[in-house]
Every structure is written in structure tokens, then in C-alpha cells.
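The sequence shown begins at 1 in the UniProt record's numbering and counts up by one. Shown next, in C-alpha cells, is the structure this report addresses.
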Amino acid sequence: MAKYLVTGAAGFIGRSIAAALLKRGESVRGIDNLITGKRSNLVGLESMEFIEGDLTDPRQCADACEGVEIVFHEAALASVPRSVADPAGTNLHCVTATLNLLVAARDAGVRRVIYAGSSSAYGDTPTLPKREDMLPNPISPYAVAKLAGEQYMRAFARVYGLETVVLRYFNVFGPFQDPTSHYSGVLAIFCRRMLAGEQPTIYGDGEQSRDFTYIDNVVHANLLAANAPAEKVSGQMMNVATGSRITLNETFSVLRDLTAYDGDAAFGQPRSGDIRDSLADIALAGELLGYKPIVNFKEGLRRTVDWYRSGS
Ligand code: UD2
1 MAKYLVTGAA GFIGRSIAAA LLKRGESVRG IDNLITGKRS NLVGLESMEF
51 IEGDLTDPRQ CADACEGVEI VFHEAALASV PRSVADPAGT NLHCVTATLN
101 LLVAARDAGV RRVIYAGSSS AYGDTPTLPK REDMLPNPIS PYAVAKLAGE
151 QYMRAFARVY GLETVVLRYF NVFGPFQDPT SHYSGVLAIF CRRMLAGEQP
201 TIYGDGEQSR DFTYIDNVVH ANLLAANAPA EKVSGQMMNV ATGSRITLNE
251 TFSVLRDLTA YDGDAAFGQP RSGDIRDSLA DIALAGELLG YKPIVNFKEG
301 LRRTVDWYRS GS
């Protein structure tokens, strides 16, 4: 019987959490519908019990939660432009799926659910850094959907006593992030293109900034959230990030050095639903979890480029 369930286990963040749990010798079950997750991401996770299933089906949620103590809920359609193109699909796979999972977790006697929130919930307000006590201001369907999931977490903690912890991730990147879709994260796309000697496109003037967060920091925060005392963390939401930001233009120039790409970037129209600047205050996760970043942006980017270069 698995102690841990990871949803989205064939996706970038889910597979990284599952790998860390397995490395500790834990028993892990993973579920993924393989819409954006990939079977190839399961290589190295052979000791995980894997269900190819969809959280939009309540029965599959019930099967996945059976006997589990802690759930890491990473499954989502994670993309702002994808949600602009298909808001109903994003709602189904982010909101309905999350609600189904919570109902199943409650019914199965799961103790704690840890949820992958998104920095997009803060929206385009000018105040930086973003603190958890700021009012949310989602500007894309994706941001609305991820925020709705957060609110369901809180409600299930209040109403049913399920322990829930929301980690608001800020632009996560690293090995296993899919670089092949135009809905992929910018660093994955840029690494792939620039290593192949192909020109990347910057949407807008490139002066938008992000608190890019290397995957190991996110895995670390999740493991801390699983072990933190309930009285401290249950029903809480906190940022998980690096606490520093870099513009896309600067990022492009760091990547030029790392990849040896010697061309320029192309510039395209700004993307609809995009946020200008994003930077986290990470004090609350420090206080509640003892979290601090373990890998900085440049080191993370170096490891990421090495991983894409190795063709893994
Ligand atoms: C949002 C969330 C992030 C996460 C993610 C999931 C914010 C601040 N962040 O990331 O926490 O939930 O959604 O997908 O809301 N871009 C280019 N060229 C490309 C691709 C992207 O210039 O080929 C730009 C894009 O217009 C944006 C920036 O790069 O300004 C980052 O885009 P992204 O899709 O990597 O992530 P973002 O910020 O939408």
C-alpha cells in the first residue's frame, strides 16, 4: 500500500517529487492522464505504482487515494496561453479535477494534501515582492483556475478537517520540463532552441521579469510541507520561489553564454494574459517550513542546460 500519492506523476514537477520520495525509500503511487505528462518521464521511477488515469473521473480519484496518507497534487494544465485558447479545458483539469481529488482524499481518510499553487494568482499588480497577504488578482483563465484550487484546499481544511498546504510556485524550471510545446515554460523552450542553434522568440520587449525557481527548491519545499506540524501549516498558503528576479533579456544573455548560441533573439507581440513582473517574498515559507532555496538561479540554469544538452 502506497503512503504517498503524486498526481501529475509523469509531468515535470510530479516526477521530480516522486523521484525524491523513492530515493528516500518511500512507497509511492503516481497518477497521470498523459495529456501533458510523458511516459518517458517515468523512466527511473519503476518502483512507483503508476495509474494511467484522469482526476476528472471521481472513481479514478477514489482508486488513487485508497490507503494513502499524503497527496502531492501537481496535476494541472499548466500554461497561461493554453488557458487563453481553451479556458474550459483548463477549468476541467485544474478545478474540477482538484475538487474530485479533495472529495476522494476526504473519503479515503487521507491526512494531508499539498497543492501546487501558481504565482499567477497575484496578477499584474505593481507591488513587489508579492506577499501572501496581498489580495489575489488573477488575469488569465489559468490563474483563476489555480486560485480556485487554492480556495478549495482552504475550504476542505476548514470544513472537513483535511490538512491542506498550498505552495504557490514561481516559474519553476529544470530537468524534465517539456521543451517541445509552444505552451512550455520559457526556459525549457529557450534551452532547446538555443542548444540547437535556433533563434528563440521573446514576446514583448523582454523587460518582463520572473522569479525563476529551480526544481530542487520546489521538491525541497514539498518534502518540508509533508513533515511540518499541522498546527503550523494546515490551511496555509505560502510562496515557494528564489526571492530574486531576472528579466527575459538578461536571461537570454546568460543562456547565450551557457549554450554558446551566438545569434540574437527575435521579438514578437506580447502574450495575452501575461504578467509584467513577478518576484516572491519567501519569508513565510521560511517561518512555517524552514524553507530557503538550496540552488540559486544561475546554478539551476547551468544544470538545466547540461541536462538538455545531454539529450536526456
Ligand atoms: C505562469 C506563472 C508560473 C506558472 C506557469 C505555468 C506567473 C508570473 N507565473 O508562468 O508561476 O504557474 O504560469 O505555466 O504568472 N515567453 C517568451 N517566449 C517564449 C515563451 C514565453 O518570451 O517562447 C515569455 C512569456 O510571454 C512570459 C515569460 O516568457 O512573459 C514567461 O512565460 P512562461 O510561459 O514560461 O511562464 P508564465 O510567466 O506565464
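Using N, Cα and C, we set each Cβ at its ideal position, and we do this for glycine too.
For this session: Measure from the alpha carbon of A20 to the alpha carbon of each residue in V218, V68, V95 and S278, then state which is nearest.
Result: It is V218.
Problem set entry | For M48, the three-state DSSP class (helix, strand or coil) | DSSP places M48 outside both helix and strand once states are collapsed to three, so it counts as coil.
Exercise. Are there 16 or more other CB atoms within 10 angstroms of the CB of residue 318, so buried, or fewer, so exposed?
Worked result: Outside the displayed range of the chain (1 to 312) lies residue 318, so it cannot be described from this structure.
Exercise. Is the region 234–245 touching the region 199–212, taking contact as three or more C-beta pairs under 8 Å?
Worked result: Enough Cβ pairs lie closer than 8 Å, so yes.
Problem set entry | C-alpha gap between N137 and T125, whole angstroms | Our two residues, N137 and T125, have alpha carbons roughly 7 Å apart in a direct line.
Exercise. Within 10 angstroms of its Cβ, does N227 collect 16 or more other Cβ (buried), or is it exposed?
Worked result: Under this definition N227 is an exposed residue.
Exercise. Do you know how far the Cα of V71 is from the Cα of C65?
Worked result: Here the alpha carbons of V71 and C65 stand approximately 8 Å from one another.
For this session: Quick one: which unbroken beta strand (DSSP E) runs of 3-plus residues sit fully inside the region 153–230? Chain order, please.
Result: Contiguous beta strand (DSSP E) elements confined to the region 153–230 occur at 163–169 and 201–203, taking only those with 3 or more residues.
Problem set entry | Residues near F12 by beta carbon distance below 7 Å, same chain, minus five either side | Hits under 7 Å: F176, Q177 and D178.
Exercise. Residues near ligand 1, CB to any non-hydrogen atom under 5 Å, in chain order?
Worked result: The answer, residue by residue, is A78, S79, V80, S118, S119, S120, N171, G185, V186, I189, I202, Y203, Q208, R271, D274, I275 and S278.
Exercise. Whose C-alpha, out of A85, T56, V295 and R309, is nearest the C-alpha of V172?
Worked result: The residue among A85, T56, V295 and R309 with its C-alpha nearest the C-alpha of V172 is V295.
Exercise. Can the beta-carbon of V95 be found less than 8 Å from the beta-carbon of L167?
Worked result: Their beta carbons are not under 8 Å apart, which means V95 does not touch L167 by this criterion.
Exercise. How should Q269 be labelled, buried or exposed, when 16 other C-beta atoms within 10 angstroms of its C-beta is the threshold for buried?
Worked result: Its Cβ having fewer than 16 others within 10 Å, Q269 is exposed.
For this session: Return the Cβ separation of P200 and I189 in integer angstroms, given the expectation that the two are a contact with Cβ distance under 8 Å.
Result: Taking a contact as a CB-CB distance under 8 Å, the pair P200 and I189 counts as one, their CB atoms being some 7 Å apart.
Problem set entry | For D277: DSSP bridge partner residues | Residue pairing by DSSP places D277 opposite S209 in a beta bridge.
Exercise. So, E49 versus A2, is the Cβ gap smaller than 8 Å?
Worked result: Result yes, Cβ atoms of E49 and A2 sit closer than 8 Å.
Problem set entry | Buried/exposed call for H93, threshold 16 Cβ in 10 Å | It counts as buried.
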